[in-house]
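Participant: Numbering of the sequence shown is given in this note's numbering, commencing with residue 34 and proceeding in unit increments.
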Amino acid sequence: MLKKIGLIGGGFIGGVLAQEIAQRGLAREVGLTDPAPMPNPADSPERQEVVKKQSVSIGKTLDIAEGLPTIRHDIKLVGSKDYSALAGSELVINTAGVPRKARPDGTFPSREELLAINLKVTLEVAKGIKQYCPDAMIISIANPLDAIVFTLDKRLAPPKNKLFGMAGVLDSGRYCYFVAEAAKVSVENVNALVLGGHGDDMVPVRSSCQIAGIPVGKFLDADTLAKIEARTRKAGGEVVGLLGFGSAFVSPAWSALEMAEAVIFDKRKIIPVCAKLDGEYGVKGLFVGVPCIVGVVRGSWVEKAKVHGPGSGEARRLGRAGLGSALPFSLARSSAAWCEEGVGVLGDRGVQRCAYMGTVSSSSKARRWSVVGWVSWSNVGADGCDVRRQVFRQSVARSASRLAKLWSGRSSASTRSTFFRRACAEGCAGATGSRRSRSFASSSSANSSGASACRMCHST
């Protein structure tokens, strides 16, 4: 159990998260924050006063708190119109942003189309986290997921283990459900893995999908599986179209809690998360959905990793000797079907280093967050790859290209305007600070009027 969990965003997902945390007893205190509604100047003064008093976050926390005696749970719930409710949080789950809504013609925007709006929201979220809980671990759900997590990383610059996004858990769950539905079996018997971005570029790894340990191909034909994989990529939009008033909220909330519980209870569970890569899979500096072991890492191995580096032979040796099978796990080729297509094969020459994203406890009283390595496979040659590995790499390459162009300033003026100019209109003061980062285009020279240009949107 954590001392406090902070939730950003009082919408449907935020409400489900607050309710589930209270029911599951994951923290002693929950802080829920949501911006106060803005009165319409055209309304009457009386109506404007009513709107000023409204607060979704305070209302939802009060509703949950009033039900605590019924479920016999004692937990403190705090709602706020500002980010002060996050103060002291050990874990923050970010849901802030505008959801996808169906257009009048029945179509709905892609996750990427939300970037222009939700980027501005994310800049404010980063300020709130930095002010009230700078050391908290962050799980982000807001869309477009990969870009939002990337933005939080650039604004907060946390250790790479302290920030990751919820994508693969939800996408894998959807894949499993569709397979179970088609095969007419229990969802408990289905295991599958989805890698890559949280969108149309996601890669359902067919060879990872098993029903009670039996390859899914024994139950469903290739055409059926292809349709299921296509539906998995569009599953979020399918829910949006059916609801008509918002996006999915229960399954994303449960997926985020799956990640949170893995850390809180030291499950050391293999979970696909949107994590920052540092050369793994040939990608550096970007957030991509990859499998990681999520849990608590104990003191000695981490201290060695700091000295020798997470990829050093000494760190791996100490890991095997110190914690045995709890650290780097090794799979024979015959047992590695789950990773065969998406990320290569583990063979005799394959060396796997595991990612631990979670708390590092040097004692029962002291807790801090750290990461000691990453899931990665050595290149075992062409015989260990197939076309799906290439699809995964292409998916990563497309995401990397888009983000690199947008954040480095090498994109066209029209592209920058589309994604950043409106979102950055009120955030330029923060973007033109003295701290330099590769996330912003170099614009140190003053313009003709003597004003500095914003490194994000290039406006002045």
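The beta-carbon is built from N, C-alpha and C at its ideal position, and this holds for glycine as well. In this text the structure is predicted, and so the values were computed from the model without any measurement.
Sorted by chain position, which residues of the same chain lie with C-beta nearer than 8 angstroms to V131's C-beta, five sequence neighbours on each side aside?
Facilitator: Residue 131 sits at position 98 when you count from the first residue of the sequence shown. Cβ neighbours of V131 beyond the five flanking positions: L147, I150, N151, V154.
Participant: Could you pull the start and end residues of the beta strand (DSSP E) that V32 belongs to?
Facilitator: Examination of residue 32 is not possible in this model, given that the chain is present from 34 through 493 alone.
Participant: Alpha carbon to alpha carbon, how far is A213 from L226?
Facilitator: Indexing the sequence shown from 1 puts residue 213 at position 180. Indexing the sequence shown from 1 puts residue 226 at position 193. If you take the alpha carbons of A213 and L226, they lie about 14 angstroms apart.
Participant: What does the alpha-carbon distance come out to for the pair C325 and I303?
Facilitator: Taking the sequence shown and counting its residues from 1, the one referred to as residue 325 is at position 292. Taking the sequence shown and counting its residues from 1, the one referred to as residue 303 is at position 270. Distance between the alpha carbons of C325 and I303 is about 5 angstroms.
Participant: Can you give the beta carbon distance from L119 to C166, rounded, assuming they're within the 8 angstroms contact cut?
Facilitator: As a position in the sequence shown, residue 119 is number 86, starting the count at 1. As a position in the sequence shown, residue 166 is number 133, starting the count at 1. Right, the Cβ-Cβ distance comes to about 5 angstroms (below 8 angstroms), so this counts as a contact.
Participant: For the structure I just gave you, are there three or more beta carbon pairs, one from the segment 92–104 and one from the segment 119–129, closer than 8 angstroms?
Facilitator: Counting Cβ pairs under 8 angstroms, fewer than three are found: no touch.
Participant: For a test of your reading of the model: does the CB of G48 fall under 8 angstroms from any non-hydrogen atom of the ligand PLP? Yes or no.
Facilitator: Of ligands this structure carries none, so the ligand PLP is not represented either.
Participant: Counting C-beta neighbours from all protein chains within 10 Å, is the total for F278 16 or more, i.e. buried, or is it exposed?
Facilitator: As a first step, residue 278 is located in the sequence shown; it is residue number 245 there, counting from the start. Flag for F278 reads exposed.
Participant: Please go through the same chain and pick out, in chain order, the residues whose beta-carbon is closer than 6 angstroms to the beta-carbon of I171, but skip the five residues on each side of it.
Facilitator: The residue given as residue 171 occupies position 138 in the sequence shown. The answer, listed in chain order, is V125, L196.
Participant: Answer with buried or exposed for D186, where buried requires no fewer than 16 other C-beta atoms within 10 angstroms of its C-beta.
Facilitator: Numbered from its first residue, the sequence shown carries residue 186 at position 153. The residue in question, D186, is buried, as its Cβ has 16 or more Cβ neighbours within 10 Å.
Participant: Is it true that the CB of F282 sits closer than 9 angstroms to the CB of G44?
Facilitator: What you label residue 44 is simply residue 11 of the sequence shown in a count that begins at 1. What you label residue 282 is simply residue 249 of the sequence shown in a count that begins at 1. Yes; because the gap between Cβ atoms is below 9 angstroms, this pair is in contact.
Participant: So what does DSSP say about V218, is it helix, strand or coil?
Facilitator: In the sequence shown, counting from the first residue as 1, residue 218 sits at position 185. Note: V218 maps to coil in three-state DSSP.
Participant: So, under 8 angstroms CB-CB, S112 and L50 are touching, yes? Tell me the CB distance rounded to an integer number of Å.
Facilitator: In the sequence shown, counting from the first residue as 1, residue 112 sits at position 79. In the sequence shown, counting from the first residue as 1, residue 50 sits at position 17. The displayed chain sequence assigns Gly, not Ser, to residue 112. Between L50 and G112 the Cβ distance is about 13 angstroms, and since that is not below 8 angstroms, they are no contact.
Participant: So the beta strand (DSSP E) K302 belongs to, where does it begin and stop?
Facilitator: As a first step, residue 302 must be located in the sequence shown, where it is residue number 269. Taken as a continuous stretch (DSSP letters only), the beta strand (DSSP E) holding K302 covers 302–311.
Participant: I297 and M34 look like a contact to me (Cβ under 8 angstroms); what is the Cβ gap, rounded to whole Å?
Facilitator: What you label residue 297 is simply residue 264 of the sequence shown in a count that begins at 1. What you label residue 34 is simply residue 1 of the sequence shown in a count that begins at 1. Contact flag correct, Cβ pair sits at about 7 angstroms.
Participant: Note down, in chain order, each residue of its chain lying with its Cβ closer than 7 angstroms to the Cβ of F211, except the 5 sequence neighbours on either side.
Facilitator: Residue 211 sits at position 178 when you count from the first residue of the sequence shown. Correct list, in chain order: I261, R264, T265.
Participant: Cα-Cα, which of C307, G42, D67 is closest to G201?
Facilitator: Within the sequence shown, residue 201 is the residue found at index 168, counting from 1. The shortest Cα separation from G201 among C307, G42, D67 belongs to C307.
Participant: Compare the beta carbon distance of G47 and S88 with 9 angstroms and say whether it is the shorter of the two.
Facilitator: Along the sequence shown, one-based indexing puts residue 47 at 14. Along the sequence shown, one-based indexing puts residue 88 at 55. Result no, Cβ atoms of G47 and S88 do not sit closer than 9 angstroms.
Participant: Assuming K193 and D311 make a contact with CB atoms under 8 angstroms, what is their CB distance in whole Å?
Facilitator: Indexing the sequence shown from 1 puts residue 193 at position 160. Indexing the sequence shown from 1 puts residue 311 at position 278. Contact flag correct, Cβ pair sits at about 7 angstroms.
Participant: Using a threshold of 9 angstroms, state whether the C-beta atoms of H106 and A55 are closer than that.
Facilitator: Position 73 of the sequence shown holds residue 106. Position 22 of the sequence shown holds residue 55. Contact: yes.
Participant: Name the two residues that bound the continuous alpha helix (DSSP H) containing T155.
Facilitator: For the purposes of this step, residue 155 is taken as the residue at position 122 of the sequence shown. Unbroken alpha helix (DSSP H) run through T155: 148–165.
Participant: What is the rounded straight-line gap between the Cα of A215 and the Cα of P78?
Facilitator: As a first step, residue 215 is located in the sequence shown; it is residue number 182 there, counting from the start. As a first step, residue 78 is located in the sequence shown; it is residue number 45 there, counting from the start. Roughly 56 angstroms separates the two Cα atoms.
Participant: Under the three-state reduction of DSSP, which class applies to F45: helix, strand or coil?
Facilitator: Position 12 of the sequence shown, counted from the first residue, corresponds to residue 45. Of the three classes helix, strand and coil, the one that applies to F45 here is helix, per DSSP.
Participant: My guess is that S284 and V273 are in contact by the Cβ rule of under 8 angstroms, so how many angstroms apart are they, rounded?
Facilitator: Here residue 284 is taken as the residue at index 251 of the sequence shown, counted from 1. Here residue 273 is taken as the residue at index 240 of the sequence shown, counted from 1. Actually they are not in contact, since the Cβ atoms of S284 and V273 sit about 13 angstroms apart, beyond 8 angstroms.
Participant: How many angstroms separate the CA atom of I41 from the CA atom of N127?
Facilitator: Working through the sequence shown from its first residue, we reach residue 41 at position 8. Working through the sequence shown from its first residue, we reach residue 127 at position 94. Straight-line Cα distance between these residues: approximately 5 angstroms.
Participant: Using CA coordinates, which residue listed in K36, D67, G328 is at the minimum distance from G58?
Facilitator: Here residue 58 corresponds to residue number 25 of the sequence shown, with the count starting at 1. Here the closest residue by C-alpha is K36.
Participant: Determine the extent of the beta strand (DSSP E) in which V77 is found, giving its start and end residues.
Facilitator: Residue mapping note: residue 77 aligns to position 44 of the sequence shown, counting from 1. The question names Val, but residue 77 in the sequence shown is Ser. It is not in any beta strand (DSSP E) - S77 carries neither H nor E in the DSSP assignment.
Participant: With H, G and I counted as helix, E and B as strand and the rest as coil, what does DSSP make of A169?
Facilitator: Stepping through the sequence shown from its first residue, residue 169 is reached at position 136. The answer is coil: DSSP assigns A169 none of H, G, I, E or B.
Participant: Measuring straight from C-alpha to C-alpha, what distance separates G246 and G322?
Facilitator: In the sequence shown, counting from the first residue as 1, residue 246 sits at position 213. In the sequence shown, counting from the first residue as 1, residue 322 sits at position 289. Rounded to the nearest angstrom, the two C-alpha atoms are 24 angstroms apart.
Participant: Using alpha carbons as the reference points, say which of K300, I162, T257 lies closest to A129.
Facilitator: Translated into positions along the sequence shown, residue 129 becomes position 96. Closest by alpha carbon: I162.
Participant: Among L228, Y314, I181, A268, which residue has its Cα nearest to the Cα of P305?
Facilitator: In the sequence shown, residue 305 corresponds to position 272, counting from 1. Out of L228, Y314, I181, A268, L228 has the C-alpha closest to the C-alpha of P305.
Participant: Note the first and the last residue of the continuous beta strand (DSSP E) segment covering G507.
Facilitator: In the structure as shown, the chain begins at 34 and stops at 493. Residue 507 is therefore absent and cannot be evaluated.
Participant: What residue range is occupied by the uninterrupted alpha helix (DSSP H) comprising G92?
Facilitator: Working through the sequence shown from its first residue, we reach residue 92 at position 59. First-last of the alpha helix (DSSP H) with G92: 89–104.
Participant: What distance in whole Å lies between the Cβ atoms of V182 and G198, which are believed to be in contact at a cut-off of 8 angstroms?
Facilitator: For the purposes of this step, residue 198 is identified with residue 165 of the sequence shown, where counting begins at 1. For the purposes of this step, residue 182 is identified with residue 149 of the sequence shown, where counting begins at 1. Going by Cβ atoms, the distance from G198 to V182 rounds to 4 angstroms, so yes, they are a contact pair.
Participant: With 16 as the cutoff for other CB atoms within 10 Å, does G100 come out buried or exposed?
Facilitator: For the purposes of this step, residue 100 is taken as the residue at position 67 of the sequence shown. G100 comes out exposed.
Participant: Which term fits L275, buried or exposed, when burial requires 16 or more other beta carbons within 10 angstroms of its beta carbon?
Facilitator: Numbered from its first residue, the sequence shown carries residue 275 at position 242. It is exposed - the Cβ of L275 has fewer than 16 other Cβ atoms within 10 Å.
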